[in-house]
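Have a look at the structure below before the remarks.
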Amino acid sequence: MGRPPSNGGPTFRFNATEVAEMEAILQAHNATMPAREVLVALAEKFSSSAERSGKIMVQMKQVWNWFQNRRYAIRAKTAKVPGKFSTPSVPQSDSAMVRTPAKLSASPVPQSDPAAVRIMPQASQPISSPQVKSMPQAPQPLPAPSVAAQNVGRSASDNIQMEFEAKSARDGAWYDVASFLSHRSVETADPEVLVRFAGFGAEEDEWVNVCKHVRQRSLPCESSECVAVLPGDLILCFQEGKEQALYFDAHVLDAQRRRHDVRGCRCRFLVRYDHDQSEVFN
1 MGRPPSNGGP
11 TFRFNATEVA
21 EMEAILQAHN
31 ATMPAREVLV
41 ALAEKFSSSA
51 ERSGKIMVQM
61 KQVWNWFQNR
71 RYAIRAKTAK
81 VPGKFSTPSV
91 PQSDSAMVRT
101 PAKLSASPVP
111 QSDPAAVRIM
121 PQASQPISSP
131 QVKSMPQAPQ
141 PLPAPSVAAQ
151 NVGRSASDNI
161 QMEFEAKSAR
171 DGAWYDVASF
181 LSHRSVETAD
191 PEVLVRFAGF
201 GAEEDEWVNV
211 CKHVRQRSLP
221 CESSECVAVL
231 PGDLILCFQE
241 GKEQALYFDA
251 HVLDAQRRRH
261 DVRGCRCRFL
271 VRYDHDQSEV
281 FN
């Protein structure tokens, strides 16, 4: 369970009626992300409901994150081969194999979101860091020419699954990349790419550091695969708070293994967020 925000405010949750309405819309869109106008309209509708009016305002990003998380859950179930756990092949450097990090939810996601774990794949480029055995490191991004030159103006919707995610400087959270719009080189800094985040418009376009803040998209992982999550792992956690529900990098501090039941994984993981150093049990 995630602890409430440090300011003492309540943790944000969608109620059952709101979840049911979003489920219906997702089905109507064949599990694809609805248009931005739909997300904005839902946020405004939920905020003006009798239960929320005059209280906590529902933000479009919160609606967007629910749809994104639910789509990942559906994708994980349809793509999973029963009884087999597979991860992308990892390049070797200095004769060391780097283990694939995973993704957890640091506070309970809505009940309709069964996927709480995601595996973060490694990038296709060889990793030049020192030997790593049990302590994984973040996936390395592709060089600027590979990401920018080959994908300028190319929508990620051309593929079955989105390929990349990028870290926004506005809130420090990670978002799926819809397309790479342009790229530029700065003599005194790393190359940058102009990205459009999935589900957002041109006003949210952002220049990001391709070496530090662009990587291959994190992949969903079934709860039965929690055995792959170990202390020291870098993971991408879904953090819900009073005014945000976003994905942030975190590290696993402790893993408490428990017997699974009909509800799925009952294990608990203590994680520390990289952006604010807060520690929570999931």
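In terms of the UniProt record's numbering, the sequence shown opens at residue 1 and continues consecutively. Idealized CB from N, CA, C, for every residue including glycine. Since we're looking at a predicted model, the values are computed, not measured.
Taking the Cβ atoms as the reference, aspartate 233 lies roughly 7 Å from histidine 251, within the contact range of under 8 Å.
The alpha-carbon of alanine 255 is positioned some 19 Å away from that of phenylalanine 248. Taken atom to atom, the span from the alpha-carbon of alanine 73 to that of phenylalanine 281 is near 21 Å. Note that the C-beta distance between methionine 60 and alanine 43 is below 8 Å. Going by DSSP, isoleucine 235 is part of no alpha helix (DSSP H) but of the beta strand (DSSP E) stretching over 234–240. In terms of Cβ geometry, tryptophan 174 and glutamate 187 do not form a close pair [threshold 8 Å].
Here alanine 169 is exposed: its Cβ has fewer than 16 other Cβ atoms, across all protein chains shown, within 10 Å. Going by beta carbons, methionine 22 and tryptophan 66 fall inside the 8 Å limit.
With contacts defined as CB atoms closer than 8 Å, aspartate 190 and leucine 246 fail to qualify as a contacting pair.
As a beta-bridge residue in DSSP terms, lysine 167 pairs with Trp174. Following the DSSP letters along the chain, one finds valine 38 inside the alpha helix (DSSP H) bounded by residues 36–47. Per DSSP, the continuous alpha helix (DSSP H) segment holding glutamate 21 begins and ends at 16–28.
Here the C-alpha atom of glutamine 27 lies approximately 10 Å from the C-alpha atom of arginine 71. Annotation for alanine 202: no beta strand (DSSP E) segment contains it, and DSSP assigns it neither H nor E.
The continuous stretches of beta strand (DSSP E) do not include glutamate 187, and DSSP gives it neither H nor E. Between phenylalanine 197 and lysine 55, the alpha-carbon positions lie close to 29 Å from each other.
Within its own chain, the residues whose Cβ lies closer than 6 Å to the Cβ of serine 223, once the five positions on either side in sequence are excluded, are Gly264 and Cys265, listed in chain order. Here the alpha carbon of glutamine 68 sits roughly 7 Å from the alpha carbon of methionine 33. Sorting Leu253, Ser47 and Phe238 by C-alpha distance to the C-alpha of leucine 230 places Leu253 at the top. The bridge partners DSSP lists for phenylalanine 67 come to none.
Looking from the CA of arginine 217, the closest CA among Ala178, Met57 and Tyr273 belongs to Ala178. Collapsing the DSSP output to three states places arginine 215 in a strand. Bounds of the beta strand (DSSP E) holding valine 271 are 268–273. In the three-state scheme derived from DSSP, where H, G and I count as helix and E and B as strand, valine 210 is classed as coil. Bounds of the beta strand (DSSP E) holding alanine 250 are 245–256.
With fewer than 16 other beta carbons inside 10 angstroms of its own, glycine 201 counts as exposed. Nearest C-alpha to aspartate 276 among Ala41, Val19 and Gln239: Gln239.
Between arginine 258 and arginine 268 a beta carbon distance of about 7 Å is seen, short of the 8 Å cut, so the two are scored as contacting. 8 Å or more divides the Cβ of phenylalanine 46 from the Cβ of valine 38.
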